[in-house]
Every structure is written in C-alpha cells, then in structure tokens.
Amino acid sequence: MKKLLLIFLLSPVAIYGQMTKQDSVWLPFKSMIGKWKGTSEGQPGKGTYERSYEFVLNKKFIEIKNRSTYPPSKENPKGEVHEDHGFISYDKGRKTFVLRQFHIEGFVNQFKIESISPDGKTIVFISESIENIPAGFRAKESYEIVNLNEFKETFELAEPGKDFELYSKAILKRVK
C-alpha cells in the first residue's frame with residue numbers, strides 16, 4: 004500500500020518533468036540559452052561581445068541579440084560597434100534549423116544547419132542567402148560547445164569562387 008501511495012504522489016512530478024515535443028526540438032541549442040560575454044579577434048580586430056539567446060513566441064523561436072565592440076586600433080582608428088539580431092527556427096517542411104541574422108550594416112544572412120556533431124558539441128550553419136552584399140558570397144557560422152558555461156564561435160566568409168576564410172573567432176562565457 005505504501006508503494007502504491009508513493010507512486011501516486013510522485014506521478015505528477017514525473018509527468019511534469021518530461022520534455023515536450025516542442026522542447027525536444029531545441030535540444031541542440033538548449034545549452035546556449037542565457038546571457039553571455041566574451042572576447043574575439045579577427046579581421047575587425049580584438050573586441051568584446053555581449054550576447055543573449057532566449058526562447059520567444061511560445062518557444063517557436065530562439066532570439067539572439069549580439070553587440071560586438073572593437074576599440075580604436077592602428078588598423079581601425081575609429082573603432083567599431085556592431086549589432087545584430089537573429090532568430091533560429093525549425094523548418095518542419097525541410098526538417099532543418101534555419102538561422103536568420105539582421106545586421107546593423109544592412110546585411111541579412113539566412114543560414115541552414117550543415118551539421119550537428121554526434122556528441123552535439125559542434126553546430127555548423129552555412130548561408131543560403133546574404134542580402135546587400137555582392138552575389139556569390141557565402142558565410143559559415145560554427146559553434147563549439149566547450150561546456151555549459153562556455154562556447155566558441157567561428158565566423159567565416161568566402162568570396163565568389165573562393166574558399167572560406169576566418170573573419171572572426173570568439174570565446175563566450177555564460178554570465179546568466
């Protein structure tokens with residue numbers, strides 16, 4: 004009788020603790036949800052990042068807000084502040100994730116997942132289209148999950164007919 008009572012009392016906990024189908028679709032990105040700060044280096048110079056990933060619109064999308072600051076340097080005397088906002092969605096028809104980024108400079112990048120490593124620690128997006136840049140350019144954005152509190156991001160660009168080249172590499176650490 005005590006076992007039956009224990010099962011009865013704990014069954015609501017088990018039911019509510021289970022993941023919904025909507026939650027499970029986001030498993031590859033679950034560890035990225037939160038607020039992050041980090042450093043970067045690359046073609047724009049050495050900079051600092053502030054970024055957030057959060058579920059929005061009834062967990063149908065992940066919204067990304069990014070601000071990168073590059074102080075004045077010899078190569079870039081005025082420095083630079085870059086902002087972009089993005090959304091990751093799951094395209095049920097194509098059965099793939101899509102990342103759309105809207106940049107302060109007017110670029111709009113649309114990426115789709117190229118790969119997620121078997122251990123889930125490396126996610127690679129390849130551009131499908133880039134608005135407001137000469138035709139033929141491609142971009143690649145890769146995330147390497149180091150642990151629950153750190154990930155690395157690599158952003159690469161390829162001119163028409165050329166291979167990808169590193170544009171920037173960032174290391175971000177969780178602040179919240």
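Heads up: the sequence shown begins at 4 in my numbering, then just goes up one per residue.
Glycine residues also receive a C-beta, built at the ideal position from the N, C-alpha and C atoms.
Keep in mind the model is a prediction, meaning the values are calculated, not measured.
Check: So, K155 versus G37, is the Cβ gap smaller than 8 Å?
Finding: Your numbering for residue 155 matches position 152 in the sequence shown. Your numbering for residue 37 matches position 34 in the sequence shown. Taking 8 Å as the Cβ cut-off, K155 and G37 do not qualify as a contacting pair.
Margin query: Here's a check: name, in chain order, each residue in its chain whose Cβ is nearer than 8 Å to the Cβ of L175, leaving out the five neighbours to either side.
Written below: Here residue 175 refers to the residue found at position 172 of the sequence shown. So the qualifying residues of the chain are W39, K40, G41, Y52, R54, E153, F154, K155 and E156.
Notebook entry, point to check: How about I65 and Y73: are their beta carbons less than 8 Å apart?
Noted result: The count along the sequence shown starts at 1 and reaches residue 65 at position 62. The count along the sequence shown starts at 1 and reaches residue 73 at position 70. It is not a contact, given that the beta carbons lie outside the stated cut-off.
Checklist line | Nearest residue (CA-CA) to A1, options L151, E147 and F167 | finding: Coverage of the chain is limited to positions 4 through 179, which leaves residue 1 absent and any answer about it impossible.
Check: Skipping 5 residues on each side, what residues in its chain have a beta carbon closer than 6 Å to that of V101?
Finding: Position 98 of the sequence shown, counting from 1, holds the residue named residue 101. The residues are S92, D94 and K115.
Item checked: Cβ-heavy atom distance, E53 to the ligand COA, below 7 Å -> Within the structure as shown, the ligand COA is missing, as the structure has no ligands at all.
Note to self: Between which residues of its own chain and F110 is the CB-CB distance below 7 Å, once the five residues before and five after are set aside?
What the structure shows: Against the sequence shown, residue 110 aligns to sequence position 107. Only I133, E134, N135 and I136 meet the Cβ criterion.
Next item on the list: Starting from the C-beta of H88, find all residues in its chain whose C-beta is less than 8 Å away, skip the five residues before and the five after it, and write them out in chain order.
Entry: Residue mapping note: residue 88 aligns to position 85 of the sequence shown, counting from 1. The residues are E66, I67, K68, N69, Q104 and F105.
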